[in-house]
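For reference, the structure discussed in these notes is given below.
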Amino acid sequence: MRISYIPSFIAFQSIKGQKFLTLLHKIPMDLPMFRSALLLLSGNAFSSLMLLVRNLLVARLISVEDYGIAATFALSMAIVEMISQLGLQQLIVQAKDGEDPKLQAGLQGFQALRGLLAGGFLLLIAYPLANFLGVPEVAWAYQLMALVPVLNGFVHFDVFRLQRQMIYLPHILTISVPALVSVALVWPLNGIFGDYRVMLYAVLAQGVLTLVTSHLVAKTRYRATLDRSIMARGLGFGWPLLINGLLLFAVFNGEKLVIGRELGMVPLAMFAMGFTLTLTPTLVLARSLQSFFLPQLSAANDPDRFERIGAATIQANILNGLLQIAAIMLLGPLLVESVLGEKYAPLVPLLLWLSILQAVRVFKSGPAVVALAKAKTDNAMWANLCRVASLPLSWYLAANGYDLINIIWVAIGAELVAMCVSLFLLGRRVGYPLSRVWGSIAVALGFMVALALRDWFAQDGAAPIWTSAVCIAMFGLSLASMTALKGYVMARVAR
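Each residue of the sequence shown is one higher than the one before, counting from 1 in full-length UniProt numbering.
Structural data, given as structure tokens:
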């Protein structure tokens, strides 16, 4: 069965449009590797910054309770992703025959089918989900959100395939332009609605523009086929990612569901905003690092080269987590007070612990990317299973009146266990020598312990100056320990 679908014929019929698109695709081909990396990072950073700005604007403009309801829209979308995540975008990058038009058409057809099924599922669970969260009056909004996975199902895969050639501009435009427009719509939407519907329609607009932009920047004509062999291959590649998607839903949203059900929309708003502030920076770099290093790892046939790039990948993710903690410590409280206002003041004491939680979480992204390059897609699944095992304890704490900080401590402990499992599987199943990265991991964890110690002393007033000195020293030692990453960078500079 073959489906032909091109949403924007006009751009492809115009001679000027053709020349513009041809130029667009040639520019990255001439860029050196690090300029490509900078382009990728800046594009991901811009799109994530726009989404962060959108969340902050919406939180500032509407009530805390309405923002809690708006946060549940992300939960509904996460449920859909949870049941339909097959990693087809990663497959076209990782596969040796990823340039084959037949493979791309088959994956696009499979993605379209996935989007339709996911949208139908969200339509069915809208009322049960709203009742579970105690907001039955917004079930219609969850039903409307069912359009988003359908739109995502018809995104052009050229934006992912071109990453095999280190061409990132089409992908960056696809994520950046819709995010920018989504931010610009907040003000007029707030003037019309003034409640949680601001977030609803901003998200829908972003989904429409993502679809359109992916086709406008594509290099090839869109084709979608339902090929059984390719679908079977996609399922074989993606079933661990599908299960991992179930686990990631619990990892990213399990506590939110618990808090929303047991504690209400206001605590959920605080927790969700804390997640937004601390998770967004790490996701920007984590996605950029995966897109940058995965093609190189997949193409590294020499074992020594694979190990060196793998060590650089892991240490780059460690650096990601450390920079996120430092940024939150320096700017987080000021951002909450100046942008969100007094109504979010209870969030400030949680920022340190949430930043540590996200840092530990991103630490295990490096081993997951290295394993993915060897098609070990289930390594992340087993690591996240350890994280999910902590949710019953979190639910017990929330149901018995414990504070948010206790739930965060449980999550940090579970993430530490998950990180250890991820490293163990990388060494055991991929045969990767962990001696290349143990030192940098240990020093980074020592930095977090120093921060926790400083926070403990600060409970009785200002923390002693020596605690700050220890934190700074451990941060510097962490940077110095990343010899593989420094060697990788210097080797590219020397070339």
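Ideal Cβ positions, reconstructed from N, Cα and C, are used throughout, including at glycine.
Own chain residues within Cβ distance below 8 Å of residue i, not counting five before or after
i, result
"Gln296", "Ile309"
"Leu479", "Leu319, Leu322"
"Met448", "Ile325, Ile356, Ala359, Val360"
"Leu147", "Gly119, Leu204, Gly207"
Pair within 7 Å by beta-carbon distance, residue i and residue j
i, j, result
"Ile356", "Ile314", "no"
"Ala224", "Gln143", "no"
"Gly207", "Leu122", "no"
"Val362", "Ala250", "no"
"Pro149", "Gly120", "no"
"Pro170", "Leu162", "yes"
"Ala452", "Val470", "no"
"Ala202", "Val186", "yes"
"Ser298", "Ala373", "yes"
"Pro346", "Met265", "no"
"Ile407", "Trp353", "no"
"Asp195", "Asp66", "yes"
"Phe193", "Leu91", "no"
"Ala141", "Leu200", "yes"
"Ser48", "Thr280", "yes"
Span separating the alpha-carbon of residue i from that of residue j
i, j, result
"Ser468", "Arg454", "7 Å"
"Leu289", "Ala316", "8 Å"
"Ala494", "Ser435", "26 Å"
"Ala71", "Gly260", "10 Å"
"Val489", "Val430", "24 Å"
"Glu307", "Val369", "12 Å"
"Ala130", "Trp438", "45 Å"
"Ile175", "Phe293", "19 Å"
"Ala359", "Ala74", "21 Å"
"Pro392", "Val410", "10 Å"
"Pro101", "Arg221", "10 Å"
"Ala312", "Arg492", "12 Å"
"Leu57", "Met273", "12 Å"
"Gln94", "Cys420", "25 Å"
"Leu216", "Ala105", "17 Å"
"Asp158", "Ile167", "10 Å"
"Gly214", "Met381", "According to the sequence provided, residue 214 is Ser. The question's Gly does not apply to it. Roughly 29 Å between the two C-alpha positions."
"Leu423", "Ile441", "10 Å"
"Val135", "Pro128", "10 Å"
"Leu88", "Gln111", "7 Å"
"Leu113", "Trp456", "52 Å"
"Gly487", "Ser481", "11 Å"
"Lys364", "Glu337", "32 Å"
"Leu263", "Gly153", "35 Å"
"Ala376", "Pro188", "Strictly speaking, residue 376 in this sequence is Lys, with Ala absent from that position. Their Cα atoms are separated by approximately 46 Å."
"Leu124", "Phe252", "23 Å"
"Leu133", "Gly341", "26 Å"
"Glu415", "Ala59", "28 Å"
"Asp304", "Thr483", "15 Å"
"Thr278", "Arg228", "41 Å"
"Leu330", "Ala462", "16 Å"
Alpha helix (DSSP H) segment containing residue i, residue limits
i, result
"Arg429", "404–429"
"Val135", "No alpha helix (DSSP H) contains Val135, which DSSP labels as neither H nor E."
"Thr278", "265–299"
"Met381", "379–388"
"Asp304", "303–335"
"Gln459", "From DSSP, Gln459 is part of no alpha helix (DSSP H); its letter is neither H nor E."
"Thr213", "197–216"
"Ser481", "It is not in any alpha helix (DSSP H) - Ser481 carries neither H nor E in the DSSP assignment."
"Arg361", "351–363"
"Pro179", "According to the sequence displayed, residue 179 carries Ala and not Pro. Looking at the DSSP string, the run of the alpha helix (DSSP H) that includes Ala179 is 169–184."
"Phe160", "158–161"
"Gly153", "147–153"
"Val93", "88–94"
Close-in-space but distant-in-sequence residues of the same chain around residue i (CB under 6 Å, 5 per side omitted)
i, result
"Val183", "Met50, Val53, Arg54"
"Asn190", "Leu61, Val198"
"Gly366", "Thr313, Ile314, Asn317"
"Val388", "Leu247, Ala250"
CB contact check: residue i to chain B, cutoff 7 Å
i, result
"Thr278", "In the displayed structure, chain B is absent; only one protein chain is listed."
Neighbourhood of residue i by C-beta, 7 Å cutoff - its chain only, sequence neighbours within 5 removed
i, result
"Ser432", "It is worth fixing the name first, because residue 432 is Tyr in this sequence and not Ser. Only Glu307, Gly310, Val370, Leu426 meet the Cβ criterion."
"Ala45", "Val284"
"Pro267", "Ile259, Leu404"
"Gly459", "Reading the sequence as shown, one finds Gln at residue 459 and not Gly. Same-chain partners within the cutoff: there are none."
"Pro178", "Gln206, Leu209, Thr210, Thr213"
"Leu257", "Leu75"
"His156", "Ser214, His215, Ala218, Tyr222"
"Leu385", "Leu247"
"Leu173", "Thr213, Val217"
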